[in-house]
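In my numbering, the protein residues as written are 75 to 331.
A virtual CB, placed ideally from N, CA and C, is assigned to each residue, including glycine.
Note that the coordinates shown come from a computational prediction; the quantities given were computed from them, not determined experimentally.
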Amino acid sequence: MPNREDVHVDRTEQLAHSAAVVDGSNAQQALFFEGPEGIGKTRLLREIHRRHVAAGVYYVDLERVVEKDDVLRDLARQARRQDVPVPGYQAVRSQIAQSSTATVNVHDMRARNANIQMVVNTSRDHKIQLDAMSDALLDTLAGDPHNPVICLDGFEHCEAPMRDWLGTDLLPDLLSRRGTSVFVAGRHVPRLAYPHVTAVHTMVLPPFGIDAVEEWITTLGFDSLKGQATSIHRSHHGIPGLIREFLDLHIEPLGTG
């Protein structure tokens, strides 16, 4: 019997679209998956990640990141783990760190001399630094022989500044690099401006059909549930998350399976 966590069913249309995006046979460069909680967005992204491990594939859980540069740091960490060196990104980070230290030293010196002039890192300075790190990293990822596949999960968890940066900076920068495939999932997804919006296809994930529930039962080897797909589907409104909870609690009677 397969591990319940490893089982993936349905979403054949979405997976076919994702494969076409990655191999370049699709006109679009990005797929955005939208839908309510429990509809299977994360499961779908993880399956896309699993299927394209041979390519340079990256997965960022946006619920777990706080700052914008955390996203870049996570991508860089995954790149190094896949033997993709990121010297340009590391060099820019080091330069920024050294510059910040120098700025603090100047500020301390002026404070000691009772100088009322203060050295302040403005938001504009931070954007310039972020852009420099992003450009250095994305140039490296896009230059890898394996065209990168970027998966960003949980867009709805982002605060407004992060949402704005993803929609106006990072995603357009990714889509401006040929060969890069992007997948974003969330209860709501970014709305990009022209011309980058033309590279995106948004797919709203529907509930599972009865056939998918039957496939799930069969794949798990739950013989005692065969013939009950319709009632299980109806009881849980076809919502994959609710059906998964039900199946996770199911114990096959002895002598079946």
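Integer-rounded CB distance, given that residue j should sit under 8 Å from residue i
| i | j | result |
| --- | --- | --- |
| Ser309 | Glu326 | About 19 Å; that fails the 8 Å criterion. |
| Ile113 | Cys225 | That pair is no contact at about 17 Å. |
| Ala273 | Gln102 | 6 Å |
| Asp209 | Val158 | Their Cβ separation, rounded to whole angstroms, is 16 Å, which puts Asp209 and Val158 out of contact at 8 Å. |
| Ala171 | Val160 | The Cβ separation is near 15 Å, so there is no contact. |
Bridge partners - residue i, DSSP secondary structure assignment
| i | result |
| --- | --- |
| Glu108 | Gly260, Val278 |
| Val131 | Val223 |
| Ser173 | According to DSSP, which records beta bridges pairwise, Ser173 is partnered with nothing at all. |
| Ser208 | Ser208 is not bridged to any residue. |
| Ser255 | Val223 |
Contact under 8 Å by Cβ, residue i with residue j
| i | j | result |
| --- | --- | --- |
| Leu249 | His270 | yes |
| Asp243 | Asp135 | no |
| Gly260 | Lys142 | no |
| Val83 | Ala286 | yes |
| Gly162 | Asn221 | no |
| Met207 | Leu118 | no |
| His324 | Phe282 | no |
| Leu328 | Glu108 | no |
Proximal residues to residue i (C-beta, below 7 Å), its chain only, five neighbours per side dropped
| i | result |
| --- | --- |
| Arg125 | none |
| Leu105 | His91, Ser92, Val95, Phe257, His275, Met277 |
| Arg138 | none |
| Leu212 | Asp247, Leu248, Arg251 |
| Ser168 | none |
| Lys300 | Ile291 |
| Leu204 | Lys142, Asp143 |
| Pro110 | Arg261 |
| Asp148 | Val134, Val139 |
| Leu266 | Gly241, Leu245, Pro246, Val274 |
| Gln156 | Gly130 |
| Asn100 | His91, Ala94 |
Residues of its chain near residue i, where Cβ-Cβ distance is below 8 Å and the 5 sequence neighbours each way are ignored
| i | result |
| --- | --- |
| Pro264 | Phe106, Phe229, Arg237, Leu240, Gly241, Leu245, Val258 |
| Cys232 | Leu136, Leu240 |
| Val81 | Trp290, Thr293, Leu294 |
| Ala128 | His220 |
Chain-order list of residues whose beta-carbon lies under 6 Å from that of residue i (same chain, five-residue window excluded)
| i | result |
| --- | --- |
| Ile317 | His310 |
| Thr254 | Ala216, Pro222, Leu248 |
| Pro314 | Gly114, Phe282 |
| Arg120 | none |
| Ala185 | Because Ala185 carries a pLDDT of 44, less than 50, the predicted location of this residue cannot be relied on, and the following value inherits that uncertainty. Cβ within range, chain order: n/a, list empty. |
| Tyr132 | Leu149, Gln152, Ile224 |
| Arg85 | Leu118 |
First and last residue of the uninterrupted alpha helix (DSSP H) at residue i
| i | result |
| --- | --- |
| Ser305 | 303–309 |
| Ile291 | 284–294 |
| Leu323 | 314–323 |
| Ala153 | 142–155 |
| Ile122 | 115–125 |
| Ala234 | 234–239 |
| Ser92 | 86–97 |
| Pro246 | 245–249 |
Any chain C beta carbon closer than 8 Å to residue i
| i | result |
| --- | --- |
| Pro314 | The structure shown contains no chain C, having only a single protein chain. |
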